[in-house]
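Q: Once you've had a glance at the structure underneath, I'll fire off some questions.
Numbering (this note's numbering), first residue to last: 55 to 190.
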């Protein structure tokens, strides 16, 4: 039951993010993350960290976005969730691009692109290639 509640709150956070209500998005993602941490749900916690990283990126809080995305990458790697790793690497690449760290941007986007390619996610591959084109 708690997992379902955490998922619902996380989904609500995503909706707030879509309508540019970033403060509400952050509040809800923190609430969902606490639920997932309390029940020991690593996947849910990692998804919340990913979502939080993206909200922080959208609000120009790049150092905090980087920290949260790196934590999410580690958690996704620990549980073998390659799609989550790729998505976070892609977001991290976007953060690094915004902070003019182009060589690190390229490394992260190439890693993400390769993972997307390995799992057959052509949309993810295309997004990474587009971002790489913006950097190069």
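Using N, Cα and C, we set each Cβ at its ideal position, and we do this for glycine too. Predicted model, so just to flag it, every value in this text is computed and none were measured.
Should the region 116-131 be called in touch with the region 77-94, which here means at least 3 C-beta pairs below 8 angstroms?
A: At 8 angstroms Cβ cutoff, the stretches do not touch.
Q: In the structure shown, what three-state DSSP assignment does residue 186 receive?
A: Helix, per DSSP.
Q: So, under 8 angstroms CB-CB, residue 70 and residue 78 are touching, yes? Tell me the CB distance rounded to an integer number of Å.
A: Confirmed, about 4 angstroms.
Q: For residue 176, does the count of other Cβ atoms within 10 angstroms reach 16, so buried, or fall short, so exposed?
A: Flag for residue 176 reads exposed.
Q: Output the distance between the C-alpha atoms of residue 83 and residue 153, rounded to the nearest integer angstrom.
A: One C-alpha to the other measures close to 24 angstroms.
Q: Terminal residues of the continuous alpha helix (DSSP H) containing residue 84?
A: Counting along the chain, the alpha helix (DSSP H) containing residue 84 begins and ends at 76-92.
Q: From 162, 66 and 56, pick the residue whose C-alpha is nearest to that of residue 127; which is it?
A: Nearest of 162, 66 and 56 to residue 127, Cα basis: 162.
Q: Identify whether residue 60 lies in helix, strand or coil by the three-state DSSP scheme.
A: Helix at residue 60.
Q: Give every residue of the same chain whose Cβ lies closer than 8 angstroms to the Cβ of residue 173, excluding the five residues on either side of it in the sequence, and list them in chain order.
A: These residues qualify, in order along the chain: 136, 137 and 140.
Q: Compare the beta carbon distance of residue 143 and residue 166 with 7 angstroms and say whether it is the shorter of the two.
A: Cβ distance < 7 angstroms, so residue 143 and residue 166 count as in contact.
Q: Roughly how many whole angstroms lie between the Cα atoms of residue 63 and residue 155?
A: Going from the Cα of residue 63 to the Cα of residue 155 covers about 34 angstroms.
Q: Assign residue 101 to buried or exposed, taking buried as 16 or more other Cβ atoms, counted over all protein chains shown, within 10 Å of its Cβ.
A: Residue 101 should be labelled buried.
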